Amino acid sequence: MLVLIWTLSLILSAISILVMVILVLRRVVAARREERDAESRRRIMTAMICLAHDKDVDAFLAVAAQASTSVTADASSEFLGLVRGEEREAVLQALLRAGQPDFLERELKRGDEVRRLHAVELIAAYAPDVAIGPLRGRLEGDRSREVRIAAAIELAKIGTVPPLGELLDRIGYRGQRSRRLAELFGLLPEQSAAELRDLTRQRDAPGFLRASALEALWRRDGLVEPSIFVEAAEDSVPEVAAASLRALGRIGQRTSLPLLLSKLYHPDWEVRMEAVEAVGRLGDPDAAKAVTDLLDDEQWTVRYKAAQSLLRLGPVGEATLRTVALEGTARKQRTASLVLSEGMPA
Amino acid sequence: MIEPWSPAIVWAATIIAWAVIALGLAQTTVYLAQLLLAAYALSKRPPVARSALLWRRYGEVAPPIALIVPAYNEEVNIVESVHSMLALEYPNFEVIVVNDGSKDATLERLVEAFGLRRVNRPYEEALAHQPIRGIYSSPMTERLFVVDKSNGGKADAQNAGINICRAPIFCVIDGDSILEPDALMRAAQPFIDDPVRVIAVGGTIRVANGSTIENGRVTQIHLPRRLLPLFQVVEYLRAFLMARLAWSRINTLMLVSGAFGVFRRAEVVAVGGFTKGSLGEDLDLIIKLHRLMIDAGRDYRIEFIPEPVCWTEAPESLAVLSRQRSRWQRGALEGFFRYRSMLFRPRYGRIGFLGMGHILIVDVLGPIAEVLGYVLMPLFWLLGILSWHYFLAFTALVFTYGIVISVCSLILEEAELQRFPRARDLAILTIAAIVENFGYRQLNNIWRIKGYWQFLRQDNNWGEMTRTGIARKDG
Amino acid sequence: MSDMKTILVCDDDPLLIELMEFRLRAKGFEVAVACDGAEALEKADEVRPAAIVLDAMMPRVDGFEVLSRLKANTALADIPLIMLTARKSETDIVSALDKGADDYLVKPFIPDELMARLSRLLARQKRG
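Chains as they are written, first to last, in the working numbering: chain A, 52 to 397; chain B, 2 to 476; chain C, 12 to 139.
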C-alpha cells in the first residue's frame with residue numbers, strides 16, 4: 052500500500068510534467084502563427100475599409116487571397132458588427148465571392164461549440180437564400196442548446212421561423228430557461244402572435260416563458276386584444292399575473308382600472324407591485340385612496356412604487372401624498388416623505 | 002526492528018502515521034477529484050466569446066447590476082478606480098461607492114472629482130448597518146452614487162450598499178480590485194442563461210503583480226518578478242481554476258471570493274446580508290445562501306465562471322502574506338464551526354457531506370495532519386520506530402502529489418484559457434508549480450497553524466494590509 | 012498651420028479609428044485620435060477640433076462623463092459633438108442629448124450617414 056502510494060505519485064507527476072512540456076512547445080508554435088495571423092488580419096481590415104468606400108472588389112479579393120479564410124471570417128465579423136447599410140452589403144458581396152459562406156458552413160459542421168455559435172451569427176449576415184438553410188440545419192440538429200437558440204434568434208431576425216411549438220421543441224426544455232428566449236419572442240414575426248397568445252395560456256409551460264410571451268405581446272401594441280392580458284391576470288402563477296398587469300399598465304386602457312385595483316391586495320408582493328405601478332400609469336385620480344393604503348405594505352418595494360404612483364395621479368395624488376407625509380402612520384409617513392424628497396438636494 | 006522500542010510505542014507510532022497518511026490521502030483524493038471535475042466542467046462550459054461579441058449577443062437582455070464598492074481610507078486610488086468602474090462595458094449598471102467612515106480624504110476626493118451633490122434617495126432598510134450620513138450623486142454621470150456612513154467594517158459597508166441599490170443583482174468587489182472591462186458582462190451570463198435558478202456567481206481572480214496597470218486596467222499580462230507573488234499565481238490558478246470550478250460544477254461551491262462576487266439581491270437580503278464581525282464573510286454568506294435555499298426546498302445554482310474577471314494585488318512580503326493567510330485560515334475555521342451543525346446532516350445533502358466535508362478535510366484537519374507529519378514522520382524513521390516506507394509515502398503525498406496537482410492546474414489553464422501571453426511564462430510557471438511544494442507549501446502550513454492558534458485564542462484582529470508593488474503607469 | 016478642419020475621433024476600437032481616419036481624410040479633414048476618455052479631454056483642449064466623434068464605453072473616463080466635462084468647459088462647449096456608441100437604450104440616448112450632445116448614432120452605423128450629419132453640424136456651426 053505504502054509503496055503503491057509512492058510509485059503512483061511518481062508516475063503521475065512524470066506524466067503531468069511531460070504534458071506541460073508538450074503544451075509549452077505547442078504554445079511556441081502557436082505564437083508564431085498568431086503573429087502571422089494578426090498581420091494578415093490588419094491587412095484585411097484595411098482592405099475592407101477601402102472596399103466599403105470605393106467598391107473595388109478585385110483589390111479586396113487580391114488581399115483576401117493572401118489570407119486564410121478563418122482570418123478573413125474573423126476580421127469580417129468585426130467589420131460587419133460595426134457598419135450597416137449599403138457599405139455593409141458591398142462588403143458582404145465581396146465576402147461571398149471570396150467563398151466565406153462555404154467556409155462558415157464547414158465551421159457549422161465541424162467547429163467546436165464556440166466556433167459554431169460564432170459561425171451562426173456570421174452566416175446570418177448574408178442574403179436569406181445563403182443563410183436560411185444552414186441556420187435551419189443548426190436549429191434542428193445542433194448538439195448545443197446555445198447554438199440552437201442563436202440559430203432561432205437569427206432566423207427570427209430574417210423573418211422565417213418554424214411554428215412556435217416546433218421552435219420550442221427544437222430548443223429543448225433546458226434551453227427554455229434562458230433570458231435569450233425573451234429576446235427571441237420579441238423578434239418573432241407578427242404571424243406568430245396567435246402562437247404566443249396560446250403559449251401564455253399553456254399552464255404546463257414554465258412561468259418564466261409565459262411571462263416572456265406576455266411581454267413580447269404588449270411591446271408590439273395592437274398585436275392582440277387586451278383581453279388576453281385580462282385573462283392572464285387571474286393566473287395562479289404570480290410571475291404570469293405580474294407580467295399581465297405590467298402589460299395592462301403599459302397599454303393604458305382606463306377600463307382595466309377595476310381589475311388592477313382588485314389586485315392591490317394579491318398575496319404575492321410582486322403582483323401587488325406591478326398592480327400599483329400600473330394604476331399609477333393609468334393616472335386616474337379616483338384611484339388615489341386605494342393606492343394610499345399600499346403605503347403601509349409590508350414590502351418596501353411595494354410601498355415605494357405606491358408612493359411613486361401617487362405622484363403620477365396628478366395634483367390629487369400629490370396632495371394625498373403630502374397629507375400622508377404630515378399626518379399618516381409612521382411607515383406611511385416615512386415612505387411618503389422619502390419619495391417626495393427623492394432627487395432633491397439634501 | 003533493531004532498536005529496542007516497546008511494542009506499545011511502535012503501535013502508537015503506527016497508528017499516528019496511518020492517521021496522518023490517511024488524511025493526506027483524503028486530501029489528495031479531494032484534489033484529484035476536483036481536478037477531474039474541473040476538467041469536465043471546462044470541457045462542458047458555455048462558449049466563451051470576445052467581449053464585443055458578448056455585447057452583441059447579450060446586450061439586449063442583460064439585467065441591471067449595481068456595483069458595490071466599499072472604500073476605507075482609499076484617497077490615493079479611489080478617483081481612478083471609480084473612473085475605471087464607470088467605464089466598464091455593460092448596458093445597465095450603477096456604481097455605489099460606500100465610504101466606510103474613512104479617516105482620510107476619500108469622500109472629499111470623490112466630491113471634488115465628480116462634483117458630487119447630496120441627494121435624497123429613498124431606500125429599503127432591509128439590512129442593519131451603521132448610520133448613513135449622506136448619499137451623493139454626480140451631475141456628470143447618472144451611474145454613480147456615493148454613500149457616506151459611519152465606520153462599521155467591510156461587511157457593514159456592503160450591507161449599506163445592498164440596502165441602497167435598486168438593481169435586482171449586485172456585484173461586490175474590494176476597493177483595490179481591478180476589473181476586466183467585460184467583467185460584468187461575463188458574470189451576467191449565468192443570470193441570463195438561467196435567470197430563475199442562479200442566485201450567485203463567482204469569477205476567477207488573478208494576481209496582478211508584475212503586470213502593467215494603466216489607469217485601473219491591466220493592459221499587459223506579465224508574471225511577477227519576485228518569487229513570493231509568483232508562487233501565489235500558481236496558488237490562485239489552483240484555487241480558482243481547479244477548486245472553485247470543480248465545486249460549482251456539482252453546485253457545491255462554498256466560497257465566492259469577496260474580491261469579486263455577483264449576487265441576487267433578494268436572497269442575500271433574505272439571509273440578512275453579510276455577517277458582521279466575521280473574518281470570512283464571503284464564505285459565511287455562501288453557506289448561509291446554501292442553507293436558505295435548501296431549507297426552503299428551492300432549486301438553485303451558485304455558478305462560477307473560469308474566465309478571469311478581476312485582478313488583485315498579492316502581498317509581496319512574508320509578514321503581510323503570513324497575516325493574510327492566518328486570517329483566511331481563521332475565516333475558514335469560523336465559518337466551519339459556526340455552521341458545523343450542517344456537517345454530515347442528510348438534510349443538507351451534498352452541502353453537508355461534500356461541501357462541509359471537504360472544508361473539514363482540507364481546512365480544519367489538513368494543516369494539523371501535515372505539520373504533524375513533518376515533525377513525526379522523519380522522527381519515527383530516524384529513531385527506527387517505523388520503516389522508511391511510511392516516510393516515503395508521506396513525502397509522496399506532500400511533495401509529489403502536490404506537484405501533480407499544481408502542474409495539472411496549469412495544464413487546465415493552458416489547454417482551455419491560454420491567458421498567459423508567452424511560452425516563456427508557461428515554462429516559468431511550470432517550474433514555480435514544482436518548486437512551490439518545497440518550502441512555500443510548508444510555510445503556508447505554518448501560517449495556517451498560526452491562524453488556528455489565533456482562532457482558538459479568539460484573537461480576531463484584522464491583519465493590516467499594506468499595499469505595495471503594482472507598477473502604476475499614469476498618462 | 013493649415014486651414015483644414017480637424018475632427019477629433021475618440022474610440023478604443025482600432026477598426027473604427029482606421030475607418031474614420033480613412034473617411035475623414037477622403038473628405039479633406041485632419042484627424043486627431045484619442046483612445047480613451049482622459050486622452051479625449053486632453054486632445055479636445057489641445058487641438059480645439061472643429062467637431063468631435065465620441066464613443067461611450069472607453070477606458071479611464073467613460074464617454075458620458077467626457078461629454079459632461081466638455082460641455083461644462085466654456086471654451087469647448089460649443090464644439091459640435093456626435094455620440095457614436097453601441098449603447099442604444101432610451102435612457103442613454105436621452106441622457107446624452109440632455110447633456111448637450113448634438114447627435115447620437117448607434118453602432119452598427121452607416122458611415123455615409125455619419126459623414127452627412129457631421130457636415131450638417133459643421134455648416135450650422137459656420138452660420139451660427
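Think of the CB as a built atom: it goes at the ideal place given N, C-alpha and C, for glycine as much as any other residue. From a predicted model like this one, the values you see are computed outputs, not experimental measurements.
Between S212 (chain B) and C311 (chain B), the C-beta gap is not smaller than 8 Å, which leaves the two residues out of contact.
Think of a sphere of 9 Å around the beta carbon of E90 (chain B): the chain C residues whose beta carbon falls inside it are M68 and A97, in chain order. Per DSSP, the continuous alpha helix (DSSP H) segment holding V112 (chain B) begins and ends at T107 to F115. Shown here, I79 (chain B) sits in a helix according to DSSP, grouped into three states.
Against chain C, the CB of L87 (chain B) has a partner CB under 8 Å away; the residue lies at that interface. Below the 8 Å Cβ cutoff, chain A contributes H104 as neighbours of A37 (chain C), in chain order. Under the 10 Å beta carbon count, R167 (chain A) is surrounded by 16 or more other beta carbons and is classified as buried.
L53 (chain A) reaches chain B at I22, H390, Y391, L393 and A394, counting residues in chain order whose Cβ is nearer than 8 Å. Here M15 (chain C) is near F40 (chain C), since their CB atoms are less than 8 Å apart.
Residue range L145 to K150 is occupied by the beta strand (DSSP E) that includes K150 (chain B). Chain-order list of chain B residues neighbouring E101 (chain C): empty, with the shortest C-beta distance near 11 Å, by a criterion of under 9 Å. The alpha-carbon separation between A182 (chain A) and K45 (chain B) amounts to approximately 28 Å.
Neighbours of I412 (chain B) in chain A, taken as residues whose beta carbon is under 7 Å from its own, are S67, V70, M71 and L74 in chain order.
The CB of V112 (chain B) never comes closer than 7 Å to any CB in chain A; the least such distance is about 13 Å. Boundaries of the alpha helix (DSSP H) harbouring D88 (chain A): L53 to D105, taken from the DSSP string. Within its own chain, the residues whose Cβ lies closer than 8 Å to the Cβ of L232 (chain A), once the five positions on either side in sequence are excluded, are I200, I222, G226, L260 and S263, listed in chain order. For the 8 Å CB-CB criterion, L206 (chain A) and V212 (chain A) form a contact.
Rounded to whole angstroms, the separation of the alpha carbons of M99 (chain A) and F111 (chain A) is 7 Å. A distance below 6 Å between beta-carbons, with the five flanking residues on each side excluded, links I174 (chain A) to the following residues of its chain, in chain order: L155, A182 and P185. Closest by C-alpha distance to I66 (chain A), out of B:L128, B:I404, B:A63 and B:F439, is B:I404. Secondary structure note for F75 (chain C): it is in no beta strand (DSSP E), and the uninterrupted alpha helix (DSSP H) holding it is G74 to A83. V134 (chain A) has a beta carbon lying within less than 8 Å of a beta carbon in chain C. Per DSSP, the beta bridge partners of T17 (chain C) are C:E41.
In the three-state scheme derived from DSSP, where H, G and I count as helix and E and B as strand, I90 (chain C) is classed as coil.
Listed in chain order, the beta strand (DSSP E) runs fully inside the segment 198 to 265 of chain B are 199 to 208, 213 to 215, 218 to 221 and 261 to 265, counting runs of at least 3 residues. Judged by DSSP in its simplified three-state form, P309 (chain A) adopts helix.
Of all residues in the segment 98 to 132 of chain C, the ones placed with a Cβ closer than 9 Å to any Cβ belonging to chain A are K118, P119, F120, I121, P122, D123 and E124, in chain order. Judged by DSSP in its simplified three-state form, R167 (chain B) adopts coil rather than helix or strand. At a cut-off of 8 Å between beta carbons, T142 (chain B) contacts chain C.
Within chain A, no C-beta atom comes nearer than 9 Å to that of E41 (chain C); the closest sits roughly 18 Å away. Y224 (chain A) and L312 (chain A) have their C-alpha atoms roughly 36 Å apart.
In chain order, R198 place their CB closer than 6 Å to the CB of D300 (chain B), counting only its own chain and leaving out the 5 sequence neighbours on each side. The three-state reading of DSSP puts N100 (chain B) in strand, counting E and B together.
The C-alpha of N445 (chain B) lies about 12 Å from the C-alpha of Y453 (chain B). L68 (chain B) sits in a strand when the DSSP states are folded into three classes. Each of A:D125, A:D105, A:V72 and A:K106 was checked against the Cα of D88 (chain A), and the nearest Cα belongs to A:D125.
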